[in-house]
C-alpha cells in the first residue's frame with residue numbers, strides 16, 4: 392500500500408456503508424448485497440484508475456449513502472470530513488424528482504463536477520454498465536439495457552479528461568455493449584432525440 396493510503400479510513404468507510412446499506416440488494420438475478428456496488432466502484436478507481444487518494448476512495452465507497460440510506464450530511468462530515476461529504480453530495484441525485492428528470496440532470500450537471508467527483512462518476516458508470524452486460528437487473532429487456540448504456544455514455548461524454556485509464560476501460564465496455572446488445576452508441580450531439588435529452 393502506498394504511504395498516502397489510510398487503510399483504517401477505508402475500512403471505516405466500508406463498514407459504515409455496509410451497515411447503512413444493510414438489507415438492500417442489487418436488482419440482478421442474484422439479488423446481490425447492495426454493498427458490492429460501492430465497493431466495486433472503489434476497486435475500479437484503485438485498480439483501473441490508479442487512484443491512491445484515501446478521501447476519493449472513501450467517497451466512492453460512500454457515494455450512495457445519502458441518496459439511498461438514512462445517512463445525513465452531518466453524519467458523513469463528522470465521520471469522514473467535509474471533502475468526502477462534498478464529493479458524495481456532487482454525485483447524489485435528488486430522489487424527489489421523477490426518474491427521467493434525474494437522468495437529465497446527471498447529464499446536464501456533469502460538466503460542473505469537480506475532478507474527484509468525476510472520478511467517482513466514471514467508476515460508477517463503468518461498474519453499472521459492466522453489470523448491465525454481465526448481470527442485468529431482473530426484468531430489463533434489450534431496449535432498457537441499451538438505453539442505460541446510451542445514457543451512461545452521454546454522462547461520461549461530459550466528464551472526459553478526468554482519467555484516461557478509466558475512460559479507456561469505459562470505452563471498452565461500450566464496444567462490448569454494442570456487440571452484445573446489437574446497437575450503436577449515438578453521439579452526444581443527438582441527445583435531443585433521447586427521453587433524457589433537451590434541444591441543443
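In my numbering, the protein residues as written are 392 to 591. Backbone N, C-alpha and C define an ideal beta-carbon position, used for all residues, glycine too. Computed from a prediction, not measured in an experiment: that's the story for all the values here.
Taking only three categories from DSSP, how would you classify residue 419?
Locating residue 419 in the chain shown gives position 28, counting from the first residue. Strand.
Thinking C-alpha only, which one of 429, 589 and 584 is nearest residue 405?
What you label residue 405 is simply residue 14 of the chain shown in a count that begins at 1. Closest option to residue 405, Cα to Cα, is 429.
What is the DSSP secondary structure of residue 589, counted as helix, strand or coil?
On the chain shown, position 198 is the one that residue 589 refers to. The answer is coil: DSSP assigns residue 589 none of H, G, I, E or B.
Is the segment 516 to 526 in contact with the segment 558 to 566, if contact means three or more CB pairs nearer than 8 Å?
yes
Within a Cβ cutoff of 8 Å, which residues of the same chain sit near residue 521, ignoring the five residues on either side of it in sequence?
The residue labelled residue 521 in the question sits at position 130 within the chain shown. Cβ neighbours of residue 521 beyond the five flanking positions: 564.
I'd like to check one pair, residue 479 with residue 595: are the Cβ atoms closer than 8 Å?
Because the chain spans 392 through 591 in this model, residue 595 falls outside it and cannot be assessed.
Classification of residue 388 by the beta-carbon crowding that lies within 10 angstroms, buried from 16 upward:
Here the chain covers residues 392 to 591 and nothing more, so residue 388 does not appear.
Residue 555 burial status per 10 Å Cβ neighbour count (16 or more: buried)
Mapped onto the chain shown, residue 555 falls at position 164. Classification of residue 555: exposed, given that the 10 Å Cβ count is below 16.
Sufficient close CB pairs (3 or more, under 8 Å) joining the segment 532 to 541 to the segment 570 to 581:
yes
Which residue wins for smallest C-alpha separation from residue 484, given the options 475, 494 and 447?
One-based indexing of the chain shown puts residue 484 at position 93. With distances taken between Cα atoms, residue 484 lies closest to 494.
Paired residues, beta bridge with residue 507 - DSSP
Taking the first residue of the chain shown as 1, we reach residue 507 at position 116. In the DSSP output, where bridge partners are listed per residue, residue 507 has none listed.
Quick check on residue 454: buried or exposed, where buried means 16 or more other Cβ atoms within 10 Å of its Cβ?
Taking the chain shown and counting its residues from 1, the one referred to as residue 454 is at position 63. It is buried - the Cβ of residue 454 has at least 16 other Cβ atoms within 10 Å.
Three-state secondary structure (DSSP) of residue 424
On the chain shown, residue 424 is found 33 positions in, with the first residue counted as 1. Here residue 424 sits in strand by DSSP.
CA nearest to the CA of residue 513, picked from 523, 527 and 501
As a working mapping, residue 513 is identified with position 122 in the chain shown. Ranking 523, 527 and 501 by Cα distance to residue 513 puts 501 first.
Just to confirm the assignment, what range does the alpha helix (DSSP H) spanning residue 399 have?
Counted from its first residue, the chain shown places residue 399 at position 8. Residue 399: member of the alpha helix (DSSP H) spanning 398 to 411, first to last residue.
What number of angstroms, rounded off, separates the C-alpha of residue 459 from the C-alpha of residue 400?
On the chain shown, position 68 is the one that residue 459 refers to. On the chain shown, position 9 is the one that residue 400 refers to. Straight-line Cα distance between these residues: approximately 22 Å.
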